[in-house]
Amino acid sequence: MSDVELVADILTEVTLDDPAPSDAAVSETSPVTVGATVPTGFEFTAAAEVEEKLGRPCKISKDRGKIYFEIGMDSLAQVHRLRSVDNLFVVVQEFTDFPFKEAKEAALQDFQELAAKLSWEKALKTWELNNNLKKKKKRKKTGGCCKEKKQAAASELPAGDGAEEAPPAGQEERETEDSQAGDSSEVSAQCANDSQENKPGDNTEGNDASPDVSKVLKFRVTCNRAGDKHSFTSNEAARDFGGAVQEHFQWKADMTNFDVEVLLNISFNEMLVGIALTEESLHRRNITHFGPTTLRSTLAYGMLRLCDLEPSDVVIDPMCGTGAIPLEGVSEWPGCFFIAGDNNPNAVNRTASNIGSLLRKQQSMDSSAPQGLPIETTQWDISRLPLRSGSVDVIITDMPFGKRIGSKKKNWDLYPACLREMSRVCRAGTGRAVLLTHDRKCFIKALAKAGHLWRKMHTVWVNIGGLHAGVYLLKRTTLDFSDCSSERLEENQPLSPNSPAKEE
Ligand SMILES: C[S@@+](CC[C@H](N)C(=O)[O-])C[C@H]1O[C@@H](n2cnc3c(N)ncnc32)[C@H](O)[C@@H]1O
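In this text, residue positions in the sequence shown follow this note's numbering: the first is 1, and each later residue adds one.
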């Protein structure tokens, strides 16, 4: 994105010997640095969103999948409304060249001394404000604190037929791997061995999102480490740093029911200490009924931004699965009309349930919200769409990779048929398509076959559950579909996996 201004470095660099700066003048408008994890490959999209919505320049981390920006603490609510961020944290301090010792004992000794040398005040104030914000949001959603517990529990129940409330294990795996994209050698170790993923604030009686700071807080340290030259493991770093944090604040370590999650992110010679501001990744926002390959809403948002949607655009996701893409689209671009289709009736039912849940959510937040959303769902086959030629402005879809859905073999028939039918329904000259696939070889060959109808504008490389996938932005050429030579688009002519595929 050319409009993204990369500022040199807005973060403070200190050495271990620097005394902690005075904490005296912290107010609610004090600037703080917020970090966000974003889908890898969409860092520039996320930075563009921050610039657009918060008017702040953004720093993109060398370590992929993270961005940083400075805000006044009073802008926290706006930060939570960003659509491209997964997890948010406030930076306590960043070290751009930390002198990690070669000897393990000395390196761990440094972690033990670190807690007392950091300036925590601003980050903790931000954490506290963030908790108040969450509490307010929860009250607004449930219409009063006395109903809170009951309604929060009720809102977690499936809205429709009770099918698939939580993501299945396989899906979790895909999401977890995705969030850990990059070359981390070791991730998410805590002070003690505890693999259970629990949420902060769970321990507070009455499930209040804002723990009483006058009480002894419970905390855990989560360490993410990348780089092979460290003499310590992430578990050891988390344990020793955690011990020092406990001593410094007189907090209580608790791996499962914690109020504060302290983050220790180590990447080669860089280190960042932060405090988490989100309990669970924001990418789950739209989906209540998950499927085997539900796409992250944050990634869907990145794909949608590539389309340059205009009000009144007709947008289709012809292989919608649970509807993650059109649901994100209808939330952010309600001036467009979305059609979500799939050939699998279970997928269509899940999408319909997800639309119902989104509608109820919007109405519970704002009673004057419209009674319907500009989205329809239907069962169809991508190779025979019940749509008039040239009637669609944008096609955006996450194609079967041939791993969990379909097979690589089937893709040799499916992909050319997809592109052929997409070429027919998409408006010549102005139509766009944004297509995600991991089966790049098959896709590139299918595209070459339909190349005179599509121009490839841009490719974004993303990490989907550890798989290297491409998001292809295509523009529909001005060529009329009916004018195309029939042998180039011959439906029954399968692609051959053995002929060479060219990809830049
Ligand atoms: C990768 S999944 C899409 C996942 C979706 N983005 C989500 O968030 O749940 C691909 C989808 O393509 C659908 N599909 C496969 N072949 C199809 C066809 N011929 N016509 C329509 N949909 C098809 C599958 O049923 C599956 O739901």
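Glycine residues also receive a C-beta, built at the ideal position from the N, C-alpha and C atoms.
Is it true that the CB of residue j sits closer than 7 Å to the CB of residue i?
i: residue 473; j: residue 457; result: yes
i: residue 262; j: residue 93; result: no
i: residue 291; j: residue 322; result: yes
i: residue 128; j: residue 73; result: no
i: residue 90; j: residue 275; result: yes
i: residue 85; j: residue 38; result: yes
i: residue 438; j: residue 350; result: no
i: residue 44; j: residue 56; result: no
i: residue 340; j: residue 294; result: no
i: residue 242; j: residue 260; result: no
i: residue 483; j: residue 428; result: no
i: residue 453; j: residue 423; result: yes
i: residue 417; j: residue 383; result: yes
i: residue 370; j: residue 337; result: no
i: residue 434; j: residue 392; result: no
i: residue 36; j: residue 71; result: no
i: residue 88; j: residue 49; result: no
i: residue 419; j: residue 450; result: yes
i: residue 317; j: residue 326; result: yes
i: residue 136; j: residue 232; result: no
i: residue 287; j: residue 354; result: yes
i: residue 122; j: residue 32; result: yes
i: residue 421; j: residue 447; result: no
In whole angstroms, what separates the C-alpha of residue i from that of residue j?
i: residue 397; j: residue 224; result: 32 Å
i: residue 78; j: residue 54; result: 7 Å
i: residue 120; j: residue 328; result: 36 Å
i: residue 98; j: residue 216; result: 31 Å
i: residue 112; j: residue 59; result: 29 Å
i: residue 267; j: residue 279; result: 23 Å
i: residue 377; j: residue 348; result: 7 Å
i: residue 96; j: residue 61; result: 11 Å
i: residue 134; j: residue 319; result: 35 Å
i: residue 431; j: residue 466; result: 31 Å
i: residue 108; j: residue 219; result: 20 Å
i: residue 440; j: residue 283; result: 25 Å
i: residue 333; j: residue 309; result: 8 Å
i: residue 269; j: residue 100; result: 7 Å
i: residue 226; j: residue 445; result: 36 Å
i: residue 130; j: residue 410; result: 49 Å
i: residue 114; j: residue 463; result: 34 Å
i: residue 372; j: residue 330; result: 11 Å
i: residue 19; j: residue 106; result: With a pLDDT of 41 at residue 19, under the threshold of 50, the modelled position of this residue cannot be trusted; read the value that follows with caution. Cα to Cα, the separation comes out at about 20 Å.
i: residue 352; j: residue 117; result: 53 Å
i: residue 394; j: residue 302; result: 15 Å
i: residue 64; j: residue 42; result: 10 Å
i: residue 153; j: residue 455; result: Low per-residue confidence applies at residue 153: pLDDT is 33, beneath 50, and the placement is therefore not dependable enough to give any value.
i: residue 380; j: residue 298; result: 26 Å
i: residue 478; j: residue 80; result: 41 Å
i: residue 185; j: residue 229; result: Here the model assigns residue 185 a pLDDT of 34, short of 50, so the residue's position is not dependable, and the following value carries that caveat. If you take the alpha carbons of residue 185 and residue 229, they lie about 11 Å apart.
i: residue 47; j: residue 335; result: 24 Å
i: residue 315; j: residue 304; result: 10 Å
i: residue 251; j: residue 265; result: 21 Å
i: residue 285; j: residue 102; result: 43 Å
i: residue 235; j: residue 247; result: 18 Å
i: residue 357; j: residue 367; result: 15 Å
i: residue 253; j: residue 238; result: 11 Å
i: residue 240; j: residue 258; result: 18 Å
i: residue 469; j: residue 475; result: 20 Å
Examine ligand 2 and report whether any of its heavy atoms sits within less than 6 Å of the Cβ of residue i.
i: residue 254; result: Ligand 2 is absent from the structure shown, which contains only ligand 1.
Check: Just the residues with CB closer than 5 Å to a heavy atom of ligand 1, in chain order, which are they?
Finding: Those residues are 291, 293, 294, 295, 319, 321, 322, 324, 342, 343, 344, 347, 381, 382, 398, 400 and 405, given in chain order.
Note to self: Whether or not the region 358-365 and the region 400-412 are in contact is what I'm after, with contact meaning three or more pairs of Cβ atoms, one per stretch, closer than 8 Å; do they touch?
What the structure shows: Touching, no, given that fewer than three Cβ pairs across the two stretches are closer than 8 Å.
Next item on the list: Could you tell me which uninterrupted alpha helix (DSSP H) segments, each at least 4 residues in length, are contained entirely in the region 32-57, listed from first to last along the chain?
Entry: 43-54
Notebook entry, point to check: What residue ranges within the region 266-333 form continuous beta strand (DSSP E) runs of no fewer than 3 residues, ordered along the chain?
Noted result: 270-276 and 314-317
Note to self: Runs of 4 residues minimum, wholly inside the region 373-429: which ones carry the alpha helix (DSSP H) assignment?
What the structure shows: 408-425
Notebook entry, point to check: In chain order, which continuous runs of the beta strand (DSSP E) of length 3 or greater are located wholly inside the region 86-142?
Noted result: 87-95
Note to self: What ranges does the alpha helix (DSSP H) occupy inside the region 215-264, keeping only unbroken runs of at least 4 residues that lie completely in it?
What the structure shows: If we require 4 residues or more, the alpha helix (DSSP H) runs fully inside the region 215-264 come out as 234-249.
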